[in-house]
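Quick note, in the UniProt record's numbering, the sequence shown goes up one by one and the last residue is 256. Just so you know, even glycine gets a beta-carbon here, dropped at the ideal spot from N, CA and C. Because the structure is a prediction, the values reported are computed rather than measured. What follows is a short report on a single structure.
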Amino acid sequence: MTTKPLLQPADEASRRPALRLAETVYEKLRDDIFAFRLLPGDRFAENDVAERLQVSRTPVREALMRLQSEGLVRGYFRNGWEVVPIDFSRFAALYDLREMIELHAVRRLCDPGRPASARDTLLAEAGAIWRVTARKRSKDGLAVAALDEQFHLMLVAAAGNPETDAVYRQVTEHIRIMRRLDFAYGDCIADTYNEHVAILDAIAEGDTTQAGALVERHIKDSHAVVEQITIDRLEHVRTEMAQHPSPAPARRKRFG
């Protein structure tokens, strides 16, 4: 007896355009949040988004559910959606947790009694991305932000604890909105390349103390910078809005 597939090939083909549309809406809303065209605390309805982007509510709802899973928005039953307000104390706690997990990973990777295969794989794969000449370094801030996130995920995964890895991935999703501000508005690309190479060098040498110190400073500096950038960007946007107010609609819409 065979089991009938949940989706026939024709069904899958018809579903692809809808998936692509939901992905497009997701990327647009995410970019609006990262660029503060949608401010923390802003409330809006699905109809607002659908009307602005000229799509139906279905891809909008799918995109918003995905953003909600990433901690960027939250929905209210029959009362629309809200961009999640920035809670600096919560982000500080998440950065502390991130630091603890990465320091734990570094200790495991530098432990001479552990198999070297995972460490060697990390050094080879991460090294291919970060050990490049200045000419080959990416200048695209958000592209480097994605690579930076990947580097730290690889670092934790290489330590070989799947439960820690799962927790770290959740932390990564929760801090993404602030973390990427450093690359979008800061000047951290060159430092990121240099610091990642230094961390890899210390791990290659099995120097737990040096690797731990580099990781700790890397995370603390990033946290301090992104918090200040967040404050500055919010102040800038609010000042611009005060100086150049738009005619007030029934519900605020600010999709660029």
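Secondary structure remark: continuous beta strand (DSSP E) runs of at least 3 residues inside the region 81 to 159, in chain order: 81 to 83. Taking every protein chain shown into account, the CB of Tyr26 has 16 or more other CB atoms within 10 angstroms, so this residue is buried.
Between Ala118 and Ala158, the gap from beta carbon to beta carbon is short of 9 Å. The three-state secondary structure of Arg43, taken from DSSP, is strand. Within the same chain, Leu122, Glu125 and Ala126 come within 7 Å of Met154 by CB-CB distance, once the 5 residues on both sides are set aside. When DSSP assignments are scanned along the region 170 to 225, the uninterrupted stretches of alpha helix (DSSP H) that are 4 or more residues long and fall wholly within it turn out to be 181 to 185 and 189 to 204.
Glu62 is the residue among Arg52, Asp31, Glu62 and Leu38 whose C-alpha sits nearest the C-alpha of Ala18.
Counting only residues of its own chain and dropping the five nearest sequence neighbours on each side, Ala145 has a CB closer than 8 Å to the CB of Arg179, Arg180, Asp182, Phe183 and Ala184.
Look at the beta carbons and you see the region 38 to 47 touching the region 80 to 97: at least three pairs across the two are nearer than 8 Å. If you look at Val73, you'll find it in the beta strand (DSSP E) that goes Val73 to Gly75. Around Ile229, the same chain offers Leu181, Asp182, Tyr185 and Gly186 as residues with beta carbons nearer than 7 Å, after the five sequence neighbours per side are excluded. The Cβ-Cβ distance between Arg233 and Phe36 falls below 9 Å. Between Leu109 and Val167, the C-beta gap is not smaller than 9 Å, which leaves the two residues out of contact. In the structure shown, Leu38 adopts coil according to DSSP, grouped into three states.
Taking the Cβ atoms as the reference, Val55 lies roughly 46 Å from Ile203, outside the contact range of under 8 Å. Between Val156 and Glu102, the CB-CB gap stays under 9 Å. Only buried fits Val226, as 16 or more other CB atoms lie within 10 angstroms of its CB.
Between Gly71 and His174 a beta carbon distance of about 5 Å is seen, short of the 8 Å cut, so the two are scored as contacting. Spanning the alpha carbons of Asp191 and Arg57 requires a straight line of approximately 42 Å.
Going by DSSP, Gln68 is part of the alpha helix (DSSP H) stretching over Arg57 to Ser69. If you compare the alpha carbons of Val73, Glu46 and Ala45 with that of Asp31, the shortest gap goes to Val73. Rounded to the nearest angstrom, the Cβ distance from Tyr193 to Arg137 is 6 Å, consistent with a contact under 8 Å.
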